[in-house]
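Here the protein sequences line up with chains C and E, keeping their order.
With the numbering used here as the guide, the letters of the first sequence map in order to residues 89 to 201.
With the numbering used here as the guide, the letters of the second sequence map in order to residues 71 to 184.
The structure under discussion appears below in the form of structure tokens.
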Amino acid sequence: AQSVAQPEDQVNVAEGNPLTVKCTYSVSGNPYLFWYVQYPNRGLQFLLKYITGDNLVKGSYGFEAEFNKSQTSFHLKKPSALVSDSALYFCAVRENSASKIIFGSGTRLSIRP
Amino acid sequence: DSGVTQTPKHLITATGQRVTLRCSPRSGDLSVYWYQQSLDQGLQFLIQYYNGEERAKGNILERFSAQQFPDLHSELNLSSLELGDSALYFCASSDRDKHFYGYTFGSGTRLTVV
């Protein structure tokens with residue numbers, strides 16, 4: 089069965105520093121991978137996806153994610169964090185043959201000025 | 071505005087009661103998904119409908135049911151409510167059954183059971 093893990097409940101970064109939010113997955117075939125962001129009292133917003141192709145995927149708000157098949161990881165990154173990036177981030181995965189997306193438990197990103 | 075509309079935004083009800091949450095998908099989207107977000111269990115998939123038919127079922131309790139109507143809006147019915155049902159309920163839609171392009175989420179309905 090497909091699963092996704094976000095090992096960090098919270099990540100704290102100073103503004104201007106690079107950030108990484110970790111995600112590992114488990115699927116039986118080729119994964120479809122996603123990152124979503126949730127701001128307070130809002131729904132989840134799509135950030136980026138990996139379906140196939142280049143392992144480095146660029147998304148919204150300057151975020152990018154690197155697909156690593158050997159490590160079954162899909163870490164979210166940003167070269168320079170902004171205070172406005174503070175939010176809850178969800179990694180998600182879907183198997184080829186499945187019809188639903190499974191979300192990780194979420195990582196709260198806190199950017200201090 | 072994501073294009074996915076959920077009503078009501080907030081709902082407070084007593085234990086044992088029944089409520090209905092409504093979702094209108096983004097224009098053109100045929101698939102609707104329901105998720106429950108609680109503090110201790112993260113985002114849990116409940117059920118998916120595609121063009122009126124149930125496509126996938128997750129951790130949905132027997133007290134809960136859903137349907138998708140011909141105009142593609144969906145309703146999630148929660149009955150015999152318990153305190154533990156208090157959560158944010160999200161609806162999402164996608165434009166293809168196999169959702170290669172991810173989901174578009176509504177802003178959710180916050181249910182509080184007292």
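Glycine included, every Cβ here is placed at the ideal spot set by N, Cα and C.
These numbers come from a predicted model, not from an experiment.
Spatial distance of residue i from residue j (CA atoms)
i	j	result
residue 147 of chain C	residue 178 of chain C	14 Å
residue 160 of chain E	residue 157 of chain C	31 Å
residue 81 of chain C	residue 164 of chain E	With chain C running from 89 to 201 in the structure shown, residue 81 of chain C is simply not present.
residue 73 of chain E	residue 177 of chain E	10 Å
residue 135 of chain C	residue 96 of chain C	19 Å
residue 102 of chain E	residue 173 of chain E	9 Å
residue 98 of chain E	residue 71 of chain E	16 Å
residue 140 of chain E	residue 75 of chain E	17 Å
residue 155 of chain C	residue 93 of chain C	14 Å
Chain E contact for residue i (CB, 8 Å cutoff)
i	result
residue 189 of chain C	yes
residue 194 of chain C	yes
residue 155 of chain C	no
residue 131 of chain C	yes
residue 146 of chain C	no
residue 110 of chain C	no
residue 151 of chain C	no
residue 178 of chain C	yes
Collapsed DSSP secondary structure at residue i in the structure displayed
i	result
residue 100 of chain E	coil
residue 168 of chain C	coil
residue 150 of chain C	helix
residue 153 of chain E	helix
Chain C contact for residue i (CB, 8 Å cutoff)
i	result
residue 112 of chain E	yes
residue 159 of chain E	no
residue 126 of chain E	yes
residue 154 of chain E	no
residue 134 of chain E	no
Strand pairing of residue i, partner residues [DSSP]
i	result
residue 136 of chain E	E:146
residue 105 of chain E	E:115, E:160
residue 130 of chain E	Answer is none; residue 130 of chain E lacks a bridge partner.
residue 91 of chain C	C:114
residue 173 of chain E	Note: residue 173 of chain E sits in no beta bridge, so no partner.
Residue i beta carbon near the ligand FMN (any heavy atom closer than 7 Å)
i	result
residue 151 of chain E	As for the ligand FMN, it is missing from this structure, which has no ligand bound.
### Task
Report the residue ranges of all beta strand (DSSP E) runs contained in full by the segment 99-140 of chain C; include only those spanning at least 3 residues, in chain order.
DSSP runs (the beta strand (DSSP E)) wholly in the segment 99-140 of chain C: 107-109, 112-114, 120-126, 132-138.
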